[in-house]
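**Q**
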Amino acid sequence: MREVAIVSFAQSVHARRDPRNEVEILMPVVHEAVARSGIERPFDFTCSGSTDFLQGQPFAFVLALDAAGAWPPIAESHVEMDAAWALYEAWVKIQTGEADTALVYGFGKSSPGDLPEVLSRQLDPYVLGPLWPDAVSLAALQARVWLERTGRSERDLAEVAVRSRRDARDNPCATLAGEFEIDKLLADPYLASPLRRHDCAPISDGAAAIVLAAGERARQVCERPVWIRGIDHRIEPHALGARDLASSPSTRLAGEKAGVGRGPVDVAELHAPFTHQEWILREALGLGDEVVINPSGGALAANPMMAAGLVRIGEAARRIAEGKARRAVAHATSGPCLQQNLVCVLEGE
Amino acid sequence: MSEAAPPVKTIKTPMRLEFQYTAGVATSRFLRGIAQGKILGQRCPSCGKVYVPPRGSCPRCAVATEQEVECSDKGTVVTFAIVRVPSESLDVPLPFACVHVLLDGADVPFFSVVQECPLEQVRIGMRVQAVWVPKEELAPTLQSIKWFRPIDEPDVPFEKLQEHL
Numbered sequence: 004m005r006e007v008a009i010v011s012f013a014q015s016v017h018a019r020r021d022p023r024n025e026v027e028i029l030m031p032v033v034h035e036a037v038a039r040s041g042i043e044r045p046f047d048f049t050c051s052g053s054t055d056f057l058q059g060q061p062f063a064f065v066l067a068l069d070a071a072g073a074w075p076p077i078a079e080s081h082v083e084m085d086a087a088w089a090l091y092e093a094w095v096k097i098q099t100g101e102a103d104t105a106l107v108y109g110f111g112k113s114s115p116g117d118l119p120e121v122l123s124r125q126l127d128p129y130v131l132g133p134l135w136p137d138a139v140s141l142a143a144l145q146a147r148v149w150l151e152r153t154g155r156s157e158r159d160l161a162e163v164a165v166r167s168r169r170d171a172r173d174n175p176c177a178t179l180a181g182e183f184e185i186d187k188l189l190a191d192p193y194l195a196s197p198l199r200r201h202d203c204a205p206i207s208d209g210a211a212a213i214v215l216a217a218g219e220r221a222r223q224v225c226e227r228p229v230w231i232r233g234i235d236h237r238i239e240p241h242a243l244g245a246r247d248l249a250s251s252p253s254t255r256l257a258g259e260k261a262g263v264g265r266g267p268v269d270v271a272e273l274h275a276p277f278t279h280q281e282w283i284l285r286e287a288l289g290l291g292d293e294v295v296i297n298p299s300g301g302a303l304a305a306n307p308m309m310a311a312g313l314v315r316i317g318e319a320a321r322r323i324a325e326g327k328a329r330r331a332v333a334h335a336t337s338g339p340c341l342q343q344n345l346v347c348v349l350e351g352e
Numbered sequence: 095m096s097e098a099a100p101p102v103k104t105i106k107t108p109m110r111l112e113f114q115y116t117a118g119v120a121t122s123r124f125l126r127g128i129a130q131g132k133i134l135g136q137r138c139p140s141c142g143k144v145y146v147p148p149r150g151s152c153p154r155c156a157v158a159t160e161q162e163v164e165c166s167d168k169g170t171v172v173t174f175a176i177v178r179v180p181s182e183s184l185d186v187p188l189p190f191a192c193v194h195v196l197l198d199g200a201d202v203p204f205f206s207v208v209q210e211c212p213l214e215q216v217r218i219g220m221r222v223q224a225v226w227v228p229k230e231e232l233a234p235t236l237q238s239i240k241w242f243r244p245i246d247e248p249d250v251p252f253e254k255l256q257e258h259l
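Below, the structure written as structure tokens:
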């Protein structure tokens with residue numbers, strides 16, 4: 004295995020409704036990540052994550068290349084997934100020896116459409132899709148099963164929201180931050196029982212970028228490279244009824260393959276757009292009370308679709324680069340009810 | 095399994111999603127300019143090219159374009175096609191000529207249609223000018239430009255347009 008490090012990370016402020024177009028949001032983020040990396044363009048490989056369904060425009064990811072710079076022609080790829088999977092593709096590209104450096108970015112404006120409805124279009128088109136179950140309703144089905152299975156309460160869910168929003172006060176990029184009283188939150192009406200508004204991630208427009216470099220190249224350009232010690236992603240059966248919604252075997256397996264349990268974990272950034280999902284993910288990854296969870300506030304504080312998973316990796320890496328953690332776990336999810344999950348383990352030198 | 099059961103060959107699953115598209119900062123400035131009868135482009139600080147309509151970035155240099163440049167509403171036809179099939183979105187009588195016009199002061203061509211001249215006279219190099227709706231009807235939409243019409247200026251030679259074809 005080649006050693007691969009994160010040498011820089013940048014993200015936009017994740018606004019509820021950003022008046023800029025995608026390229027206008029993305030370009031300063033890419034410029035910042037590139038400048039911090041100390042690596043001159045062109046990169047050996049560029050990979051992005053986005054989906055045209057968010058903005059309702061075909062080939063939006065091609066327009067977004069204006070932000071990355073594709074002239075003279077570059078080696079470039081795109082995933083119709085969160086950009087954490089673009090990072091995975093770039094990592095594989097570096098493993099093959101075809102690249103030593105890679106630029107990874109993800110972006111999404113959720114504000115133009117009705118996000119829970121847009122997300123229903125990723126369901127199977129024959130049986131479930133035509134029923135238009137929205138993303139919040141599906142998550143509520145999962146939350147109900149989890150509550151019944153564990154005997155936990157809606158207060159346990161609200162505690163996740165309160166902690167996330169409190170931690171996000173130190174995150175200048177967050178959509179939603181502040182001190183909230185748990186009893187007031189629990190007095191709110193349900194969006195889809197048992198989920199209330201605070202159980203759901205805010206809707207955010209935003210972007211993020213990460214620069215990767217292999218072995219010696221990373222050490223040359225970066226004082227504190229953050230090494231990807233393990234990375235893996237796994238998927239559940241497509242039919243929601245064929246899954247045990249209260250647990251996440253794909254996260255457990257990805258965590259095992261990535262080597263989460265091979266050492267103590269200081270910090271974990273978990274991509275949980277719903278409060279109950281953080282509980283499910285912690286259990287799947289075997290993270291105990293000693294692990295600091297989502298010090299950035301997580302997706303419950305800022306959820307730029309197609310970038311929020313990459314942000315988890317960036318936020319975890321940042322804490323290692325700043326010397327606040329020695330070993331960190333980052334997780335990204337894609338699809339309804341934690342359909343597909345990526346886990347990576349990060350360490351300093 | 096019954097052999098008599100016919101296969102399910104098709105299902106109908108109607109789909110409708112509505113979007114409130116945001117033009118972005120640069121294109122919004124352009125559209126506000128159109129509402130004042132002005133065509134505003136943006137110049138790349140790196141290569142100097144002027145983009146109109148601007149999207150806020152230069153795709154060649156991957157840098158933001160912030161310097162605003164007013165382009166002329168006169169320009170040169172760099173390519174054209176005679177359209178003989180109706181289009182729901184273009185309210186002009188058939189047949190008509192759609193054109194790429196290189197506005198004076200711009201470096202990328204601008205899409206429009208040519209009217210007020212016989213179709214067989216539309217040609218590459220022809221000088222044209224925008225015909226605007228009456229001042230009181232100007233709005234932040236490209237429909238504020240009705241079409242382009244020929245003007246009495248000599249053709250621009252093909253060689254001078256080659257970069258834009």
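From first to last, the protein sequence lines stand for chains U and E. To convert, take the position in the first sequence, counting from 1, and add 3; that gives our numbering. To convert, take the position in the second sequence, counting from 1, and add 94; that gives our numbering. From the three backbone atoms N, C-alpha and C, an ideal C-beta is built for every residue, glycine too. These numbers were taken from a predicted model, which means no experiment stands behind them.
1) Closer than 7 Å between beta carbons: that is the criterion. Which residues of the stretch 16-37 of chain U meet it against chain E?
2) Give the single residue among 157(U), 120(U), 55(U) whose Cα lies nearest to the Cα of residue 196(U).
3) Is residue 354(U) buried or exposed, if buried means 16 or more other CB atoms sit within 10 Å of its CB?
4) Let me make sure I understand the geometry here. Which of 162(E), 117(E), 200(E) has the alpha-carbon closest to that of residue 171(E)?
5) Write down the C-beta distance between residue 116(U) and residue 112(E) rounded to the nearest angstrom, noting that I regard them as a contact closer than 8 Å.
6) For residue 199(U), write down the residues that DSSP places opposite it in a beta bridge.
7) Quick check: the Cα distance between residue 123(U) and residue 61(U), rounded to an integer number of angstroms?
8) Which whole-angstrom value is the C-beta distance of residue 257(U) and residue 237(U), which I expect to be below 8 Å?
9) Kindly confirm or deny that the stretch 222-235 of chain U and the stretch 304-313 of chain U touch, where touching means at least three C-beta pairs closer than 8 Å.
10) DSSP puts residue 215(E) in a beta bridge; with which residues?
11) Using a Cβ-Cβ cutoff of less than 7 Å, which residues in the same chain neighbour residue 121(E) once the five nearest sequence positions on both sides are dropped?
12) Could you work out which residues of chain U lie near residue 119(E), taking near to mean beta carbons separated by less than 8 Å?
13) Check distances from the C-beta atoms of the stretch 146-158 of chain E to those of chain U and list, in chain order, the residues that come in under 9 Å.
14) Give the range of the alpha helix (DSSP H) segment to which residue 80(U) is assigned.
15) So residue 107(U) and residue 212(U) are supposed to be a Cβ contact under 8 Å. How far apart are they, rounded?
16) Does the beta carbon of residue 272(E) come closer than 8 Å to any beta carbon on chain U?
17) Have a look at the DSSP bridge pairing and note the partners of residue 334(U).
18) Give the DSSP bridge partners of residue 111(U), in chain order.
19) Alpha carbons only, please: which of 303(U), 279(U), 340(U) is nearest the one belonging to residue 353(U)?
20) Under 8 Å, with one C-beta from each stretch per pair, do the stretch 73-91 of chain U and the stretch 50-61 of chain U reach the 3-pair mark?
21) Please identify, using Cβ separations under 7 Å, the residues of the stretch 227-254 of chain E that lie next to chain A, in order along the chain.
22) Mind listing, in chain order, the continuous alpha helix (DSSP H) runs of no fewer than 4 residues lying wholly within the stretch 234-305 of chain U?
23) Are the beta-carbon atoms of residue 317(U) and residue 14(U) separated by less than 8 Å?
24) Could you tell me whether the stretch 216-224 of chain E touches the stretch 238-254 of chain E, using the rule of 3 or more Cβ pairs below 8 Å?
25) Rounding to the nearest angstrom, what Cα-Cα distance links residue 216(E) and residue 176(E) in this structure?
26) Can you check DSSP and say which residues form a bridge with residue 91(U)?
27) Expressed to the nearest angstrom, what Euclidean distance is found between the alpha-carbon atoms of residue 232(U) and residue 335(U)?
28) Using DSSP bridges, identify the partner residues of residue 316(U).
29) Using only the alpha-carbon positions, how far apart do residue 210(U) and residue 24(U) sit?
30) Does the contact criterion of 3 or more C-beta pairs under 8 Å hold for the stretch 68-76 of chain U versus the stretch 132-139 of chain U?
31) Let's see if you can read the secondary structure: which residues bound the beta strand (DSSP E) around residue 52(U)?
32) Taking only the alpha-carbon atoms, compute the straight-line gap between residue 48(E) and residue 250(E) and give it to the nearest angstrom.
33) Interface residues of chain U around residue 162(E) at Cβ under 7 Å?
34) Quick test of your reading: residue 163(E) and residue 135(E), contact by CB under 8 Å. State the CB separation rounded to the nearest angstrom.
35) Please determine, among 147(U), 118(U), 5(U), 242(U), the residue with the shortest C-alpha to C-alpha distance to residue 199(U).
36) Smallest Cα separation from residue 184(U): which of 204(U), 193(U), 163(U)?
**A** Taking the coordinates as given:
1) 22, 23, 24, 26, 27, 30
2) 157(U)
3) Absent from the structure is residue 354(U), since the part of chain U shown begins at 4 and ends at 352.
4) 200(E)
5) 7 Å
6) 193(U)
7) 18 Å
8) 5 Å
9) no
10) In DSSP, residue 215(E) forms no bridge with anything.
11) 147, 148, 149
12) 22, 23, 24, 27
13) 149, 150, 151, 152, 153, 154, 155, 156, 157, 158
14) Element bounds for residue 80(U): not the alpha helix (DSSP H) but the beta strand (DSSP E), 79-82.
15) 7 Å
16) Since the displayed chain E opens at 95 and closes at 259, residue 272(E) lies outside it and no answer follows.
17) 346(U)
18) 209(U)
19) Within the shown structure, residues of chain U are numbered from 4 to 352, placing residue 353(U) beyond reach of any answer.
20) yes
21) As a matter of chain content, chain A is missing from the structure shown, whose protein chains are U and E.
22) 252-261, 278-288
23) yes
24) yes
25) 9 Å
26) Partner(s): none; residue 91(U) has no beta bridge.
27) 16 Å
28) Answer is none; residue 316(U) lacks a bridge partner.
29) 11 Å
30) no
31) 48-52
32) The requested residue 48(E) is not part of the displayed model; chain E covers only 95 to 259.
33) Result: empty, since nearest Cβ-Cβ is about 15 Å, beyond 7 Å.
34) 5 Å
35) 147(U)
36) 163(U)
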